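Student: Handing you this structure, nothing more for now.
Number of protein chains: 2
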Amino acid sequence: MAEGGEVRNKQVLLKDYISGFPKESDLYISTDKAICLKVPEGSNGVLVKNLYLSCDPYMRLLMRKIEGPSVFTSFSPGSVITGYGVAKVLDSGHPNFKKGDLVWGTTGWEEYSLITAPNSLFKIEHTDVPLSYYTGILASGAVGQLVGQFAKLMGCYVVGSAGSKEKVDLLKNKFRFDEAFNYKEEHDLDAALKRYCPEGIDIYFENVGGKMLDAVLLNMRNLGRIAVCGQISQYNLDEPEGVKNLMCLVYKRVRMEGLRVFDYFPEYSKFLDIVLPSIREGKITYVEDIAEGLESGPAALIGLFSGRNVGKQLVVVARE
Amino acid sequence: MAEGGEVRNKQVLLKDYISGFPKESDLYISTDKAICLKVPEGSNGVLVKNLYLSCDPYMRLLMRKIEGPSVFTSFSPGSVITGYGVAKVLDSGHPNFKKGDLVWGTTGWEEYSLITAPNSLFKIEHTDVPLSYYTGILASGAVGQLVGQFAKLMGCYVVGSAGSKEKVDLLKNKFRFDEAFNYKEEHDLDAALKRYCPEGIDIYFENVGGKMLDAVLLNMRNLGRIAVCGQISQYNLDEPEGVKNLMCLVYKRVRMEGLRVFDYFPEYSKFLDIVLPSIREGKITYVEDIAEGLESGPAALIGLFSGRNVGKQLVVVARE
Numbered sequence: 001m002a003e004g005g006e007v008r009n010k011q012v013l014l015k016d017y018i019s020g021f022p023k024e025s026d027l028y029i030s031t032d033k034a035i036c037l038k039v040p041e042g043s044n045g046v047l048v049k050n051l052y053l054s055c056d057p058y059m060r061l062l063m064r065k066i067e068g069p070s071v072f073t074s075f076s077p078g079s080v081i082t083g084y085g086v087a088k089v090l091d092s093g094h095p096n097f098k099k100g101d102l103v104w105g106t107t108g109w110e111e112y113s114l115i116t117a118p119n120s121l122f123k124i125e126h127t128d129v130p131l132s133y134y135t136g137i138l139a140s141g142a143v144g145q146l147v148g149q150f151a152k153l154m155g156c157y158v159v160g161s162a163g164s165k166e167k168v169d170l171l172k173n174k175f176r177f178d179e180a181f182n183y184k185e186e187h188d189l190d191a192a193l194k195r196y197c198p199e200g201i202d203i204y205f206e207n208v209g210g211k212m213l214d215a216v217l218l219n220m221r222n223l224g225r226i227a228v229c230g231q232i233s234q235y236n237l238d239e240p241e242g243v244k245n246l247m248c249l250v251y252k253r254v255r256m257e258g259l260r261v262f263d264y265f266p267e268y269s270k271f272l273d274i275v276l277p278s279i280r281e282g283k284i285t286y287v288e289d290i291a292e293g294l295e296s297g298p299a300a301l302i303g304l305f306s307g308r309n310v311g312k313q314l315v316v317v318a319r320e
Numbered sequence: 001m002a003e004g005g006e007v008r009n010k011q012v013l014l015k016d017y018i019s020g021f022p023k024e025s026d027l028y029i030s031t032d033k034a035i036c037l038k039v040p041e042g043s044n045g046v047l048v049k050n051l052y053l054s055c056d057p058y059m060r061l062l063m064r065k066i067e068g069p070s071v072f073t074s075f076s077p078g079s080v081i082t083g084y085g086v087a088k089v090l091d092s093g094h095p096n097f098k099k100g101d102l103v104w105g106t107t108g109w110e111e112y113s114l115i116t117a118p119n120s121l122f123k124i125e126h127t128d129v130p131l132s133y134y135t136g137i138l139a140s141g142a143v144g145q146l147v148g149q150f151a152k153l154m155g156c157y158v159v160g161s162a163g164s165k166e167k168v169d170l171l172k173n174k175f176r177f178d179e180a181f182n183y184k185e186e187h188d189l190d191a192a193l194k195r196y197c198p199e200g201i202d203i204y205f206e207n208v209g210g211k212m213l214d215a216v217l218l219n220m221r222n223l224g225r226i227a228v229c230g231q232i233s234q235y236n237l238d239e240p241e242g243v244k245n246l247m248c249l250v251y252k253r254v255r256m257e258g259l260r261v262f263d264y265f266p267e268y269s270k271f272l273d274i275v276l277p278s279i280r281e282g283k284i285t286y287v288e289d290i291a292e293g294l295e296s297g298p299a300a301l302i303g304l305f306s307g308r309n310v311g312k313q314l315v316v317v318a319r320e
């Protein structure tokens, strides 16, 4: 194809709003659309070639119709889905970006995207680490493995929970968590937590919700803290499970606080200053589960909810 | 009776551990026990005559068998129940208290109590306000009416929720809340909150739990705060209702934090410095629902859970 010409644009689209557990067939691949590889005259958009796409649990929340005002906008049936990704700028009408720049931020699950309002796009300055890391460790996603390692660096005793023996081994042997257990093999999560955290839990990083949160609440220590990042166990339910042990917040004066990555974007360079050296020096280990090709996108995304991925799940659309 | 002699001691006792909604007959009055009105030789306890007893929702939690370690200790079947009260010292082996002192703190639901470890007993220094206030506004209890008034003094727009038309009138006309509604008449609490707080809720003082908390979570504003003091709607349930909307903590980065009055005892004199002038100047209105005589104790306490009380419920054992 000639640069700037129209090309077929392979895309991953949502078939229809879903409820319950998502299936691969809820998404489909299409090459019906063509895209011009130039930004329109007078636009301050950015035209990118997508390289790596991030698979994130929150994307399930956008696959249902969101009623009323929300921080999220649903995907549209028949339209391309969106998420975090790493891309290369092919053309730019925006002063912050120029052709050849590598960027990360919100993009489409397609070969090329025209990003008309690039306010959540960030230029990648450091390329001595794998580019794919900007879908994960250097952006967002696959949080648990990192939270545990950051906590270890800060001197915490770290206990992880995962859904298979393989992952438990990874947490203990590769990430050097002090302990880890397979929550699918524990009939009594409260008992499991008492076994692994006999003195109770000072800090819980919440990404699970439901029964796990209820068990954790019973095991929090006085003045403990719960950072609430997500609740993956709830995203496929039409109605969330109820959390019953909130009185533990009172008994133990626990603080529970939600966070969103967007709020911390202004501190991104500070984050890089801490994390990049840790990666270069091998103090932080990062495991990726890489699916090849946009066609493998639906299976990779859906696999998150059965825990098929080991490490950060991403999709390679192109390597450069 | 001669001072220092043995006297019959009327008591309110727990019949047996209960589940579900408490009944008056779960408590009983007895005068079987006698008490010596002197502290035992060598003890550093305090012997008090009880004047006012505070009826508090948390007491329901002590009427069931609490398994495992807990911040609370259950009442014992066949034993006197305990709670906050105002009392007069008749005899003291403790250097901080002397005969004639007025005190507030944890005491028994009985005419006379021997308090063997008076570490949660406080001397009353200011007696130009009603003594009964030390079971409530000047100690703990009937929190909602005060939280709303303190919030008004700090310039907040205050919306209250109560369980009868009479109480709603009280909140609006006597306590000068900006708005109040009867939650028993609202089929859709979410809609009610949207009507009364169209711009959302910045601060929620949580004393209800269950469905109310779930509706509040939907209506919190970004970076809002929830102080969790109690969850009265849950105390009579064998298993708490589940709270389903905790993902709102993430969407809106809400902080939810439990508190216990004990943690703030070291700041008690600072609290008095603020509150006593407000009471004297009439800036704070305080409503009490006073039951006469220890015999009326069981009904007064049980009445909390049907909302029979209007204002702070207390029991007068003796006036001096």
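Chains as they are written, first to last, in our numbering: chain A, 1 to 320; chain B, 1 to 320.
Yeah, the Cβ is synthetic: ideal placement off N, Cα and C, and Gly gets one too.
Please read these numbers as outputs of a predicted model, since none were measured by experiment.
#1: If the cut is a Cβ gap below 8 angstroms, which residues of chain A does Gln234 of chain B touch?
#2: Kindly indicate if chain A contains any beta-carbon less than 8 angstroms away from that of Val250 of chain B.
#3: Just checking: is the beta-carbon of Cys229 of chain A within a distance shorter than 8 angstroms of some beta-carbon in chain B?
#4: State yes or no: is the beta carbon of Met154 of chain B nearer than 8 angstroms to at least one beta carbon in chain A?
#5: Using the Cα positions of Trp104 of chain A and Val316 of chain A, report the straight-line distance between them to the nearest angstrom.
#6: Since I believe Val71 of chain A is in contact with Tyr264 of chain B (beta carbons under 8 angstroms), could you give me their beta-carbon distance rounded to a whole number of angstroms?
#7: Residues bridged to Ala291 of chain B by DSSP?
#8: How long is the line joining the alpha carbons of Leu61 of chain A and Ser74 of chain A, rounded to whole angstroms?
#9: Would you report the Cα separation of Glu186 of chain A and Phe150 of chain B, rounded to the nearest angstrom?
#10: List the residues of chain B whose Cβ lies closer than 8 angstroms to the Cβ of Gly253 of chain A, in chain order.
#11: So, is the C-beta of Lys244 of chain B closer than 8 angstroms to a C-beta in chain A?
#12: Per DSSP, Val243 of chain B is paired with what?
#13: Please classify Met154 of chain A: does DSSP put it in a helix, a strand, or coil?
#14: Check whether the Cβ atoms of Lys10 of chain A and Glu166 of chain A lie closer than 8 angstroms to each other.
#15: Could you tell me the distance, in whole angstroms, from the CA atom of Ser278 of chain A to the CA atom of Gly293 of chain A?
#16: Can you tell me where the alpha helix (DSSP H) holding Phe97 of chain B begins and where it ends?
#17: Under a three-way DSSP split, which group does Met59 of chain A fall into?
#18: Below 7 angstroms CB to CB, which residues in the same chain sit around Gln234 of chain A once its five sequence neighbours on both sides are set aside?
#19: How should Tyr133 of chain A be labelled, buried or exposed, when 16 other C-beta atoms within 10 angstroms of its C-beta is the threshold for buried?
#20: So, does the CB of Pro22 of chain B fall closer than 8 angstroms to a CB anywhere in chain A?
#21: Give a yes or no on contact between the stretch 82 to 99 of chain B and the stretch 11 to 26 of chain B, applying the rule of three or more CB pairs nearer than 8 angstroms.
#22: Thinking C-alpha only, which one of B:Gly258, B:Gly42, B:Ile35 is nearest Ile226 of chain A?
#23: Using only alpha-carbon positions, find the residue among A:Gly307, A:Leu217, A:Ala142, A:Lys172 that is nearest to Ser54 of chain A.
#24: Between which two residues does the beta strand (DSSP E) harbouring Gly85 of chain B extend?
#25: Going by C-alpha to C-alpha distance, which of A:Arg176, A:Pro130, A:Ser79, A:Asn50 sits closest to Leu37 of chain A?
#26: Work out the CA separation of Glu267 of chain A and Arg260 of chain A for me, nearest whole Å.
#27: Among the candidates B:Lys312, B:Glu67, B:Ser296, whose CA atom is the shortest distance from the CA of Ser30 of chain B?
#28: Using three-state DSSP, classify Ser306 of chain B as helix, strand or coil.
#29: Under 8 angstroms, CB to CB, which of the residues in the stretch 59 to 84 of chain A have a partner in chain B?
#30: Which value, in whole angstroms, describes the spacing of the CA atoms of Leu223 of chain B and Ile35 of chain A?
#31: Using C-beta distances below 7 angstroms, list every residue in its chain close to Ile302 of chain B, excluding the 5 sequence neighbours before and after it, in chain order.
#32: Excluding five sequence neighbours on each side, which residues of the same chain lie with their C-beta closer than 7 angstroms to the C-beta of Arg216 of chain A?
#33: From this set, B:Ser269, B:Leu146, B:Leu114, B:Asp273, which residue's C-alpha is nearest Glu6 of chain B's C-alpha?
#34: Checking the sheet assignment: what are the DSSP bridge partners for Cys36 of chain A?
#35: Under 8 angstroms Cβ to Cβ from Val275 of chain B, same chain only, skipping five residues before and after it: list those, please.
#36: With DSSP as the reference, label Met1 of chain B as helix, strand or coil.
Tutor: Per the coordinate set shown:
#1: Counted from its first residue, the second sequence places residue 234 of chain B at position 234. Within chain A, the residues near Gln234 of chain B are Met247.
#2: Reading the second sequence from its first residue, position 250 is the one you call residue 250 of chain B. Yes - at least one Cβ of chain A is within 8 angstroms of the one on Val250 of chain B.
#3: Stepping through the first sequence from its first residue, residue 229 of chain A is reached at position 229. With 8 angstroms as the cut-off, Cys229 of chain A counts as an interface residue toward chain B.
#4: The sequence position of residue 154 of chain B within the second sequence is 154, counting from 1. No, Met154 of chain B lies away from the interface with chain A (no Cβ there is under 8 angstroms from its Cβ).
#5: Translated into the one-based positions of the first sequence, residue 104 of chain A becomes position 104. Translated into the one-based positions of the first sequence, residue 316 of chain A becomes position 316. If I take the Cα positions, the gap works out to 14 angstroms.
#6: Against the second sequence, residue 264 of chain B aligns to sequence position 264. Against the first sequence, residue 71 of chain A aligns to sequence position 71. With a Cβ gap of about 34 angstroms, Tyr264 of chain B and Val71 of chain A do not count as contacting.
#7: Along the second sequence, read from residue 1 onward, the residue named residue 291 of chain B stands at position 291. Ala291 of chain B pairs with B:Val315.
#8: The sequence position of residue 61 of chain A within the first sequence is 61, counting from 1. The sequence position of residue 74 of chain A within the first sequence is 74, counting from 1. Distance between the alpha carbons of Leu61 of chain A and Ser74 of chain A: 8 angstroms.
#9: Residue 186 of chain A sits at position 186 when you count from the first residue of the first sequence. Residue 150 of chain B sits at position 150 when you count from the first residue of the second sequence. So the two alpha carbons sit approximately 47 angstroms from each other.
#10: Here residue 253 of chain A refers to the residue found at position 253 when the first sequence is read from its first residue. Residue identity check: residue 253 of chain A is Arg in the sequence provided, not Gly. Residues of chain B passing the Cβ test: Glu257, Gly258, Leu259, Arg260, Asp263.
#11: The residue you call residue 244 of chain B lines up with position 244 of the second sequence. At least one CB of chain A lies nearer than 8 angstroms to the CB of Lys244 of chain B.
#12: Here the question's residue 243 of chain B lines up with position 243 in the second sequence. Val243 of chain B is bridged to A:Val243.
#13: Position 154 of the first sequence, counted from the start, is the residue given in the question as residue 154 of chain A. Three-state DSSP puts Met154 of chain A in coil, outside helix and strand.
#14: By one-based count along the first sequence, residue 10 of chain A stands at place 10. By one-based count along the first sequence, residue 166 of chain A stands at place 166. Not a contact, by the Cβ cut-off of 8 angstroms.
#15: On the first sequence, residue 278 of chain A is found 278 positions in, with the first residue counted as 1. On the first sequence, residue 293 of chain A is found 293 positions in, with the first residue counted as 1. So the alpha carbons of these two residues sit roughly 30 angstroms apart.
#16: Translated into positions along the second sequence, residue 97 of chain B becomes position 97. Run containing Phe97 of chain B: none; DSSP gives neither H nor E here.
#17: As a working mapping, residue 59 of chain A is identified with position 59 in the first sequence. Met59 of chain A: helix per DSSP, three-state reduction.
#18: Here residue 234 of chain A is taken as the residue at index 234 of the first sequence, counted from 1. If we look at Gln234 of chain A and ignore the five residues flanking it on each side, its Cβ neighbours are Gly209, Gly210, Pro240, Glu241.
#19: Within the first sequence, residue 133 of chain A is the residue found at index 133, counting from 1. Under this definition Tyr133 of chain A is a buried residue.
#20: Residue 22 of chain B sits at position 22 when you count from the first residue of the second sequence. Judged by the 8 angstroms Cβ criterion, Pro22 of chain B is not in contact with chain A.
#21: no
#22: Looking up residue 226 of chain A in the first sequence gives position 226. The candidate whose alpha carbon is nearest that of Ile226 of chain A is B:Gly258.
#23: Looking up residue 54 of chain A in the first sequence gives position 54. Comparing Cα-Cα distances from Ser54 of chain A to each of A:Gly307, A:Leu217, A:Ala142, A:Lys172, the minimum goes to A:Ala142.
#24: Locating residue 85 of chain B in the second sequence gives position 85, counting from the first residue. DSSP places Gly85 of chain B inside the beta strand (DSSP E), whose first and last residues are 82 to 92.
#25: Residue numbering aside, residue 37 of chain A sits at position 37 when the first sequence is read from its first letter. Here the closest residue by C-alpha is A:Asn50.
#26: On the first sequence, position 260 is the one that residue 260 of chain A refers to. On the first sequence, position 267 is the one that residue 267 of chain A refers to. Their Cα atoms are separated by approximately 13 angstroms.
#27: Here residue 30 of chain B refers to the residue found at position 30 when the second sequence is read from its first residue. Checked all of B:Lys312, B:Glu67, B:Ser296; the closest Cα to Ser30 of chain B is B:Ser296.
#28: The residue given as residue 306 of chain B occupies position 306 in the second sequence. DSSP places Ser306 of chain B in coil when its eight states are reduced to three.
#29: So the close ones are Ser70, Val71, Phe72.
#30: On the second sequence, residue 223 of chain B is found 223 positions in, with the first residue counted as 1. On the first sequence, residue 35 of chain A is found 35 positions in, with the first residue counted as 1. Between the alpha carbons of Leu223 of chain B and Ile35 of chain A lies a gap of roughly 40 angstroms.
#31: The residue you call residue 302 of chain B lines up with position 302 of the second sequence. Excluding residues within five positions, the ones whose Cβ falls inside 7 angstroms are Pro22, Lys23, Glu24.
#32: The residue you call residue 216 of chain A lines up with position 216 of the first sequence. Just to set this straight, residue 216 of chain A is Val in the shown sequence, not Arg. These residues qualify, in order along the chain: Leu193, Ile201, Tyr204.
#33: Here residue 6 of chain B is taken as the residue at index 6 of the second sequence, counted from 1. Of B:Ser269, B:Leu146, B:Leu114, B:Asp273, the residue nearest in Cα terms is B:Leu114.
#34: Your numbering for residue 36 of chain A matches position 36 in the first sequence. A:Glu6.
#35: Translated into positions along the second sequence, residue 275 of chain B becomes position 275. Ile137, Leu138, Ile284, listed in sequence order.
#36: Within the second sequence, residue 1 of chain B is the residue found at index 1, counting from 1. Any reading at Met1 of chain B is ruled out, since the residue's pLDDT is 46, under 50, leaving its predicted position unreliable.
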